[in-house]
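> Okay, handing you the structure first.
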Ligand code: OFO
């Protein structure tokens, strides 16, 4: 059956499939953070839960932005399946170590995607990807700042409670930006 939009597009099949891979990664990020937020809430780390619930929303926006781009470029964005989520952490620090590790992995994936777009001369998608490059730099920085709280305040005594409070304040500050 003919569709309303033309099948002809400059978007290469290989690029479309790499963009869809990134859709999956953003979807995974969203639910990864949702799972972490829920863990924090059940442990009483309400500042961290707030930060991570907000992040859940942000990652969904990142996924949606890609979905709309793929479809507008004449491709077919595929809603991702989310499997193998992690539900348990040994400590708040362990959880935020995973956040930084995950953000670094996402940055690498984004850089590889941007590199691919450049090499096949898809400058429209390359330009579109610049937003993600900048966003990842910010997100990695935030994750590192949070880990600094653990170094500076330390988890001794009321330390973890204070760290959680600072993470909640950081979540508020990011929202106002
Ligand atoms: Fe999608 O911004 Fe980080 O992961």
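In the numbering used here, the protein residues as written are 634 to 810. We treat Cβ as the ideally placed atom computed from N, Cα and C, and that holds for glycine.
Tell me whether residue 668, by its Cβ, gets closer than 7 Å to a heavy atom of ligand 1.
No - ligand 1 has no heavy atom lying nearer than 7 Å to the Cβ of residue 668.
> Quick one: is residue 684 buried, meaning 16 or more other Cβ sit within 10 Å of its Cβ, or exposed?
By the neighbour-count rule (16 or more Cβ atoms within 10 Å), residue 684 is buried.
> Three or more C-beta pairs closer than 8 Å, one from the segment 741-753 and one from the segment 690-707: is that the case here?
No contact exists between the segment 741-753 and the segment 690-707.
> Between residue 708 and residue 649, what straight-line distance do the alpha-carbon atoms span, to the nearest angstrom?
The alpha-carbon atoms of residue 708 and residue 649 are separated by roughly 6 Å.
> Between residue 795 and residue 656, what straight-line distance do the alpha-carbon atoms span, to the nearest angstrom?
Between residue 795 and residue 656, the C-alpha separation is close to 35 Å.
> Looking at residue 735 and residue 662, is the spacing between their C-beta atoms short of 8 Å?
In contact: residue 662 and residue 735 (Cβ atoms closer than 8 Å).
> Grab me the residues of residue 792's own chain with a C-beta within less than 7 Å of its C-beta, minus the 5 sequence neighbours each way, in chain order.
Only 786 meet the Cβ criterion.
> How long is the line joining the alpha carbons of residue 723 and residue 756, rounded to whole angstroms?
Residue 723 and residue 756: Cα-Cα distance of roughly 44 Å.
> In this structure, does DSSP put residue 706 in helix, strand or coil?
DSSP places residue 706 in coil when its eight states are reduced to three.
> Rounded to the nearest angstrom, what separates residue 771 and residue 778 at their Cα positions?
Approximately 11 Å, taken between the alpha carbons.
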